[in-house]
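Count along the sequence shown from 1, then add 12; that gives the number in this note's numbering.
Here a beta-carbon is modelled for each residue, glycine too, at the ideal position from N, C-alpha and C.
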Amino acid sequence: MKHYDVVVIGAGHAGCEAAYAAAKLGVSAALVTINLSEIGKMPCNPAIGGPGKSQIVREIDALGGMMGRITDQSTLNIRLLNTSKGRAMQVRRAQADRDAYKLHWKVTLEHTDNLDLIEGMVKEIEVRDHRVARVRLREGLEIRTSAAIIASGTFLNGEVLIGNLAYPAGRTGEPPSIGLARCLRDLGLRMSRLK
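This is the structure in structure tokens:
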């Protein structure tokens with residue numbers, strides 16, 4: 013059983029950045045995701061930037077993150093917003109090609125030293141003496157680690173709501189993470205859902 017200093021759970025925006033940052037700090041890191049071909053998937057609006065998000069993108073970039081660079085490699089269109097306002101209010105927003113964005117994230121992470129990509133669903137985080145000891149996957153793999161970063165997005169006990177219809181899903185067509193949600197509750201973490 014391999015040991016990693018950090019295991020990142022989930023490969024959306026936050027998980028990709030966390031795994032990349034950990035690896036760049038020189039620690040051994042693993043990024044665990046349900047489907048390796050969906051790393052960095054943009055499920056909704058493929059826009060990066062705008063009045064709120066552009067500040068976050070700049071801060072991530074200043075800290076050595078990749079979101080801005082990956083966006084540059086996958087941009088379809090860039091617009092300057094709030095042009096009728098003063099320069100302090102003007103921001104850029106890029107529309108990214110979803111498939112290119114995913115591909116560039118995957119290639120970047122595959123070529124990052126100290127980082128392994130693992131396909132599977134985390135079902136349990138084992139804690140001993142108030143410290144993370146290992147992560148267990150639904151597929152039977154166990155990973156020893158000293159730290160776990162949970163970046164599971166909408167997958168934790170996820171539900172898709174369409175009108176009055178509700179069904180379990182991480183996002184449409186993908187399974188929710190029921191086991192990890194149960195584990196976190198059993199560890200005493202309170203969970204709630206924003207609708």
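Run of the beta strand (DSSP E) containing residue i, from where it starts to where it stops
i           : result
residue 180 : 177-180
residue 173 : 171-174
residue 61  : 59-61
residue 29  : Note, residue 29: premise wrong, no beta strand (DSSP E); alpha helix (DSSP H) at 25-36.
residue 3   : The shown model of the chain, from 13 to 207, leaves out residue 3, and the question about it has no answer.
residue 21  : 18-21
Closest Cα partner of residue i within the set the options
i           : options            : result
residue 14  : 179, 155, 26       : 155
residue 187 : 18, 22, 17         : 22
residue 165 : 26, 113, 149, 72   : 26
residue 78  : 201, 24, 141, 191  : 24
residue 57  : 169, 81, 118, 110  : 110
residue 170 : 72, 198, 161, 183  : 183
residue 152 : 131, 172, 167      : 131
residue 201 : 146, 95, 139       : 139
residue 189 : 133, 83, 158, 172  : 133
residue 16  : 100, 193, 144, 172 : 144
residue 67  : 96, 50, 157, 100   : 100
Residue interval of the alpha helix (DSSP H) (run including residue i)
i           : result
residue 122 : 110-122
residue 93  : Per DSSP, residue 93 belongs to no alpha helix (DSSP H); it is in the beta strand (DSSP E), 87-93.
residue 194 : 190-198
CB of residue i within 9 angstroms of CB of residue j, strictly
i           : j           : result
residue 65  : residue 91  : no
residue 20  : residue 44  : yes
residue 206 : residue 129 : no
residue 86  : residue 123 : no
residue 93  : residue 63  : yes
residue 52  : residue 135 : no
residue 149 : residue 41  : no
residue 112 : residue 60  : no
residue 163 : residue 147 : no
Sheet register partners of residue i (DSSP bridge)
i           : result
residue 128 : 42
residue 142 : Beta-bridge pairing links residue 142 to no other residue.
residue 168 : 189
residue 154 : 148
residue 136 : 148
residue 107 : 59, 89
residue 202 : According to DSSP, residue 202 bridges with nothing at all.
residue 183 : 186
Original post:
Counting Cβ pairs closer than 8 angstroms, one from the region 27-37 and one from the region 172-179, do we hit at least three?
Top reply: no
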